[in-house]
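Novice: Converting from the sequence shown to our numbering requires adding 5 to each position, the first position being numbered 1.
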Amino acid sequence: MATDKFVSRHIGPRDYEIDTMLNRIGVSSVEELIDQTIPASIRLEKPLNITKGLTERQYFRKIHDIAQLNKVYNTYIGMGYYDVITPAVILRNVLENPVWYTSYTPYQAEISQGRLEALLNFQTVVTEMTGMEIANASLLDEATAAAEAMIMLFNARSRKQVKAEVNTFFADEKMWPQTKEVLITRAKPLGIELQFGNVHDFECNDEVFGIMMQYPDSNGSVEDYKEITEKAHSKDCKVAVAADLLSLALLTPPGEWRADVVFGTTQRFGIPMGYGGPHAAFFATKEELKRQLPGRIIGVTKDANGRRALRMALQTREQHIKRERATSNICTAQALLATMAGFYAVYHGKEGITRIAERVHSIAYQIAQEVEKLGYKQVNNDFFDTIRIELPEGVKVEYVERYSLKLEMNFRYFDNGDVGISIDETTNLDDINWIVEVFAKAAGRDVPRIEAIGSDSNVKEEHKRTSDFLAQDIFKKYHSEAEMVRYIKKLERKDISLTHSMISLGSCTMKLNAATEMLPLSWIEFNGLHPFIPKDQAAGYHLMMDELRQDLSEITGFADVSLQPNSGAAGEYAGLMVIQEYHKSRGDEQRNVAIIPSSAHGTNPASAVMAGMKVVVVKCDEKGNIDVADLREKAEANKDTLSCLMVTYPSTHGVFEESIIEVCQIIHDNGGQVYMDGANMNAQVGFTSPGRIGADVCHLNLHKTFAIPHGGGGPGVGPIGVASHLVDFLPQHPVIDNERKGITAVAAAPWGSASVLPITYGYIKMLGAEGLKKSTEMAILNANYMASSLMDDYGILYTGSNGRVAHEMILECRHFKASSGITETDIAKRLMDYGFHAPTLSFPVHGTLMVEPTESESLQELDRFISAMKSIYAEIKEVENGTVDKDDNVLKNAPHPAYKVVSDEWNHSYGREKAAYPLDWIRENKFWIDVARVDDAYGDRNLVCSCAPIESYL
Numbered sequence: 006m007a008t009d010k011f012v013s014r015h016i017g018p019r020d021y022e023i024d025t026m027l028n029r030i031g032v033s034s035v036e037e038l039i040d041q042t043i044p045a046s047i048r049l050e051k052p053l054n055i056t057k058g059l060t061e062r063q064y065f066r067k068i069h070d071i072a073q074l075n076k077v078y079n080t081y082i083g084m085g086y087y088d089v090i091t092p093a094v095i096l097r098n099v100l101e102n103p104v105w106y107t108s109y110t111p112y113q114a115e116i117s118q119g120r121l122e123a124l125l126n127f128q129t130v131v132t133e134m135t136g137m138e139i140a141n142a143s144l145l146d147e148a149t150a151a152a153e154a155m156i157m158l159f160n161a162r163s164r165k166q167v168k169a170e171v172n173t174f175f176a177d178e179k180m181w182p183q184t185k186e187v188l189i190t191r192a193k194p195l196g197i198e199l200q201f202g203n204v205h206d207f208e209c210n211d212e213v214f215g216i217m218m219q220y221p222d223s224n225g226s227v228e229d230y231k232e233i234t235e236k237a238h239s240k241d242c243k244v245a246v247a248a249d250l251l252s253l254a255l256l257t258p259p260g261e262w263r264a265d266v267v268f269g270t271t272q273r274f275g276i277p278m279g280y281g282g283p284h285a286a287f288f289a290t291k292e293e294l295k296r297q298l299p300g301r302i303i304g305v306t307k308d309a310n311g312r313r314a315l316r317m318a319l320q321t322r323e324q325h326i327k328r329e330r331a332t333s334n335i336c337t338a339q340a341l342l343a344t345m346a347g348f349y350a351v352y353h354g355k356e357g358i359t360r361i362a363e364r365v366h367s368i369a370y371q372i373a374q375e376v377e378k379l380g381y382k383q384v385n386n387d388f389f390d391t392i393r394i395e396l397p398e399g400v401k402v403e404y405v406e407r408y409s410l411k412l413e414m415n416f417r418y419f420d421n422g423d424v425g426i427s428i429d430e431t432t433n434l435d436d437i438n439w440i441v442e443v444f445a446k447a448a449g450r451d452v453p454r455i456e457a458i459g460s461d462s463n464v465k466e467e468h469k470r471t472s473d474f475l476a477q478d479i480f481k482k483y484h485s486e487a488e489m490v491r492y493i494k495k496l497e498r499k500d501i502s503l504t505h506s507m508i509s510l511g512s513c514t515m516k517l518n519a520a521t522e523m524l525p526l527s528w529i530e531f532n533g534l535h536p537f538i539p540k541d542q543a544a545g546y547h548l549m550m551d552e553l554r555q556d557l558s559e560i561t562g563f564a565d566v567s568l569q570p571n572s573g574a575a576g577e578y579a580g581l582m583v584i585q586e587y588h589k590s591r592g593d594e595q596r597n598v599a600i601i602p603s604s605a606h607g608t609n610p611a612s613a614v615m616a617g618m619k620v621v622v623v624k625c626d627e628k629g630n631i632d633v634a635d636l637r638e639k640a641e642a643n644k645d646t647l648s649c650l651m652v653t654y655p656s657t658h659g660v661f662e663e664s665i666i667e668v669c670q671i672i673h674d675n676g677g678q679v680y681m682d683g684a685n686m687n688a689q690v691g692f693t694s695p696g697r698i699g700a701d702v703c704h705l706n707l708h709k710t711f712a713i714p715h716g717g718g719g720p721g722v723g724p725i726g727v728a729s730h731l732v733d734f735l736p737q738h739p740v741i742d743n744e745r746k747g748i749t750a751v752a753a754a755p756w757g758s759a760s761v762l763p764i765t766y767g768y769i770k771m772l773g774a775e776g777l778k779k780s781t782e783m784a785i786l787n788a789n790y791m792a793s794s795l796m797d798d799y800g801i802l803y804t805g806s807n808g809r810v811a812h813e814m815i816l817e818c819r820h821f822k823a824s825s826g827i828t829e830t831d832i833a834k835r836l837m838d839y840g841f842h843a844p845t846l847s848f849p850v851h852g853t854l855m856v857e858p859t860e861s862e863s864l865q866e867l868d869r870f871i872s873a874m875k876s877i878y879a880e881i882k883e884v885e886n887g888t889v890d891k892d893d894n895v896l897k898n899a900p901h902p903a904y905k906v907v908s909d910e911w912n913h914s915y916g917r918e919k920a921a922y923p924l925d926w927i928r929e930n931k932f933w934i935d936v937a938r939v940d941d942a943y944g945d946r947n948l949v950c951s952c953a954p955i956e957s958y959l
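Following this line, the structure appears as structure tokens:
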């Protein structure tokens, strides 16, 4: 394996170690293992048509040249996207730090206390700024947050409203256009009647369950919605508000005029525009609606010893537990971006944020005054950061655009010829002069010279915020860089990530996120672009995205790919909506049944319901495969209404089902389409494909198979690939990428989370066709090596016909409870003492652990994990044979935090050394846990989701 090839850096096992691994498995070659694992009937007939892999240096030059094709202008378009100053201390120590970007969703709270605190800070910022009572830990973007607000209020209707079938939702016409479009997308399949109009003219009545408005609105105007809110409440109608978070430092927060939901984006809190994302949306509501709140919520609780601890609270895995009864399919949040936004608020505090907001507003007011002196009319008299300018007679919008582009600036151009200018925190005195120069030249006037930034304001008294915010100590202590970096590092030390050890989560594919792939994310040529700029200013992006779409199409065997969906769940939803639109185009509007195996990811049935489908569940046989006879029976029974099958391949049970082609044919024979969940593409690339097995649509988790990091629970990216007959139905966008005639938008930005796409682009370009195939081989090799090593102790629940697993396996743990009282949770918690994150817990089969080692893990790391699991097995045996106490043992008391191990009091029947150092190699790099096992029940009974004083909850 040549060391100048990227593949040798990405893949863990060395060539000379492979024979040792094959001997353990019991095969003579990797080829033999693959033949025993992947059915011959689905194998590709020829290699992938993807270029030869580049070295890291070659790729770095290539991506640098691509970046130079992007033009970084000063952009004042606004519309929910603004240039920012990301504090270098956050850029370097969070965004560019693998401890933060390679950690997993904090389902295992004890080894996630750092990022849980960062997300609790985020929630506190949101509740404080909005004046609301409870917030979640982020959503995907502002437009999908708007859709979640609409759906939440729909689900929160009173019994009387449900009985009367009240289903009308009214949204102000002055919402962002991308938000309106996503509302349209999400409303129709749920039977919500969506109306748009002027909210000031709207007479709320008993037929409306909710209204929504933008604050400030799309024109930049600051309106008073207090009276509208009161009237709505008098009719049992709830109110949702899309708010600019920075503006709430100056403007009355919607919570103070009793809004029921406040949402928006935290992009202005230090997150680069990134050509549209990723950014963390925020979502806040009243205490009374907390059980309806979508997404993840971080809550305060205590650990087994009574100490303060944090964990994910309430229904944060609702879509997996409730499945088709879930109220949302949200799975991925934007944890990394929410963490950054929270740190931004910690670093600046109330004074800093207020100072930024005042400066932004003062500059907007100053420009408005200067432009009016030149003969223009300022249309919106009450504003925060955005002015809308009406051109005088004789001045054409083309003049303004020509001069602005000459000075490398972008403005917003309204359909009626008005010009919009949105100021941000980067705007300086030179920018002010250049903006005024454009309008002076367009009007044929002398160019004035402005000597200083003004400090005047025109915010009316009735609009001004008078309440305090961010008064907690956390927002007062870390305003110097030295203190801030120490705080970040303090939290960092409480988290396990891929920098510490392998994260063997089945179905989540926690592979290497290579540094070379990550580097371009910090470049201004990628992160400094507004998503609605003219396309020629983003030529590098479009060159890269076109090549990426071609490569992903080749890998999936499909005709085209849409990059718009910005999470796996969003990709599922988009794929289903494409299928539905296809059926409608053929006059088959009645096709609304989704057949889903019982083993499917929980997001599958949840997404189907969100797409307006009825779910029919198909059984699995005793080997974990789809019961083909049951599938055939249900497909034929629903042949007139069958929309699709949702199938994961290899199966969620970690097996290549040999009946997959027959399964797809049954669906097609009965008029349906096949949607393939791409969660397990890591076992397919280069050997088979969704197109090869007969699927019509597939979403891809770029944050799994294609190397975009999980970031503590997001960003996720979920593009969809489609067969040729579905290409015309891929998502469009109302603002910039509007050439398509497909389904309405599923995300706020035209190309979703564009700024992280260079990661996947680099992954594919550096691996090339051979490296991609090699990665799949090694993922299957590592999984089967681990399965062969653990099967005698634990047992592998499901295997293929030749006794092989795909890229993951399910370890049987259910029998331990009867013999010893030890559960899969005890094993998961004990693994933390060994320095490992637990595998996937009780999914897809309750009482089991699902393990996926990925191709990036070395033989040494696999052996460490195996030795830890064997040691835990020995500890279980000690309980079974009565050598140790059934209740007071290392498994039931795991994990063992540092404060407990070093305390003067130790009242366990086993020693401290066994608790902390069960194996000798752990001494070399011990990960010390910060808290003991958390008390989830206490946290749910005493829900605290912000930075409240400790005495208020313990």
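Here a beta-carbon is modelled for each residue, glycine too, at the ideal position from N, C-alpha and C.
Along the chain, which unbroken stretches of the alpha helix (DSSP H) at least 4 residues long are found entirely within the region 747-816?
Specialist: List check, alpha helix (DSSP H) in window: 762-795.
Novice: Using the C-alpha atoms, what's the distance from ASP797 back to THR25?
Specialist: Those two C-alpha atoms are separated by around 19 Å.
Novice: Could you tell me if ARG19 is buried or exposed, where buried requires 16 or more neighbouring beta carbons within 10 angstroms of its beta carbon?
Specialist: Its Cβ having fewer than 16 others within 10 Å, ARG19 is exposed.
Novice: Under 9 Å, do ALA245 and ASP265 count as touching if we go by C-beta distance?
Specialist: Going by C-beta atoms, ALA245 is nearer than 9 Å to ASP265.
Novice: Are the C-beta of LEU795 and some C-beta of chain C separated by less than 9 Å?
Specialist: Annotation note: the requested chain C is absent from the structure, which comprises a single protein chain.
Novice: Relative to the ligand COA, is the shortest distance from any of its heavy atoms to the C-beta of PHE932 smaller than 8 Å?
Specialist: Among the components modelled here there is no ligand, and therefore nothing to report on the ligand COA.
Novice: Rounded to whole angstroms, what is the Cα-Cα separation between GLN374 and THR135?
Specialist: Answer to the nearest angstrom: the Cα atoms are 30 Å apart.
Novice: Grab me the residues of PRO954's own chain with a C-beta within less than 7 Å of its C-beta, minus the 5 sequence neighbours each way, in chain order.
Specialist: Residue placement at PRO954 is flagged as unreliable, the pLDDT there being 46, under the threshold of 50; a coordinate-derived value is accordingly withheld.
Novice: Any idea if LEU503 is buried or exposed, counting beta-carbon neighbours within 10 angstroms, 16 or more meaning buried?
Specialist: Classification of LEU503: buried, given that the 10 Å Cβ count is 16 or more.
Novice: Just list the beta strand (DSSP E) runs in the region 591-659, keeping only unbroken ones of 3 residues or longer that don't cross its boundaries, in chain order.
Specialist: You should have 598-602, 619-623, 647-653.
Novice: Beta-carbon separation of ALA873 and PRO902 under 9 Å?
Specialist: Against a cut-off of 9 Å, the Cβ pair of PRO902 and ALA873 comes out as no contact.
Novice: Under three-state DSSP, which class holds TYR64?
Specialist: Helix, per DSSP.
Novice: Tell me the DSSP secondary structure of ASN930 in three-state form.
Specialist: Looking at ASN930 - three-state DSSP - the assignment turns out to be coil, as it is neither helix nor strand.
Novice: On the DSSP letters alone, give me the boundaries of the beta strand (DSSP E) that HIS738 sits inside.
Specialist: It is not in any beta strand (DSSP E) - HIS738 carries neither H nor E in the DSSP assignment.
Novice: For the 8 Å Cβ check, are there 3 or more pairs between the region 398-417 and the region 457-477?
Specialist: Output reads no: the region 457-477 does not touch the region 398-417.
Novice: Under a Cβ-count criterion, where at least 16 other Cβ atoms within 10 Å of its own Cβ denotes burial, should PRO602 be classed as buried or exposed?
Specialist: Classification of PRO602: buried, given that the 10 Å Cβ count is 16 or more.
Novice: Please name the residue in ALA123, MET157, GLU133 whose C-alpha comes closest to that of ALA142.
Specialist: The shortest Cα separation from ALA142 among ALA123, MET157, GLU133 belongs to ALA123.
Novice: Say whether the region 670-687 touches the region 532-549, bearing in mind that this needs 3 or more beta-carbon pairs closer than 8 Å, one atom from each stretch.
Specialist: No, the region 670-687 is not in contact with the region 532-549.
Novice: Which one of LEU510, ILE437, PRO714 has the shortest CA to CA distance from LEU524?
Specialist: Closest option to LEU524, Cα to Cα, is PRO714.
Novice: Which residue from PHE389, ALA346, ASP241, GLU138 puts its Cα closest to that of GLU228?
Specialist: Checking every option, the nearest Cα to that of GLU228 belongs to PHE389.
Novice: Name the two residues that bound the continuous beta strand (DSSP E) containing LEU705.
Specialist: Here the beta strand (DSSP E) through LEU705 covers 702-705.
Novice: Compute the distance between the beta-carbons of PHE175 and GLN200, then report whether it is under 9 Å.
Specialist: Going by C-beta atoms, PHE175 is nearer than 9 Å to GLN200.
Novice: Thinking C-alpha only, which one of ILE827, ILE725, GLY719 is nearest GLY696?
Specialist: With distances taken between Cα atoms, GLY696 lies closest to ILE725.
Novice: Could you tell me which whole beta strand (DSSP E) segments of length 3 or greater appear in the region 660-733?
Specialist: Runs of the beta strand (DSSP E) inside the region 660-733: 678-683, 702-705, 725-727.
Novice: Do you know whose CA, among ASN630, ILE335, TYR352, lies nearest ASP478's CA?
Specialist: Closest option to ASP478, Cα to Cα, is TYR352.
Novice: Are PRO739 and GLY747 touching if we call contact CB-CB under 9 Å?
Specialist: Cβ distance not < 9 Å, so PRO739 and GLY747 don't count as in contact.
Novice: Measuring only the C-alpha atoms, how far is LEU924 from ARG917?
Specialist: Distance between the alpha carbons of LEU924 and ARG917: 13 Å.
Novice: Do you know how far the Cα of LYS240 is from the Cα of ASN385?
Specialist: C-alpha separation (whole angstroms): 31 Å.
Novice: Below 9 Å between beta carbons: does that hold for ASN339 and LEU145?
Specialist: Asn is not the amino acid found at residue 339; the sequence shown has Gln there. Yes, the pair counts as a contact, with Cβ atoms nearer than the cut-off.
Novice: Using 10 angstroms around the beta-carbon of TRP911, count the other beta-carbons present and answer buried if the total reaches 16, otherwise exposed.
Specialist: Exposed, since its Cβ has fewer than 16 Cβ neighbours within 10 Å.
Novice: Quick check: the Cα distance between GLU212 and ALA289, rounded to an integer number of angstroms?
Specialist: The straight-line gap from Cα to Cα measures roughly 25 Å.
Novice: CB-CB under 7 Å to LEU96, same chain, minus the five flanking residues each way: which ones, in chain order?
Specialist: Closer than 7 Å at the Cβ level, and outside the excluded window around LEU96, lie SER527.
Novice: In whole angstroms, give me the CA-to-CA distance for LYS905 and ALA248.
Specialist: Going by the C-alpha atoms only, they are around 45 Å apart.
Novice: Out of TYR943, HIS69, TYR790, ASN947, state which residue places its alpha-carbon closest to the alpha-carbon of ASN310.
Specialist: Taking only the C-alpha atoms, the option nearest ASN310 is TYR943.
Novice: Of all the options PRO453, TYR349, VAL204, which has the alpha carbon lying nearest to the alpha carbon of LYS378?
Specialist: Selected option, being the one with the closest Cα: PRO453.
Novice: If distances are taken between C-alpha atoms only, which option among LYS57, LYS295, TYR86 comes closest to GLY533?
Specialist: The shortest C-alpha separation from GLY533 is found at TYR86.
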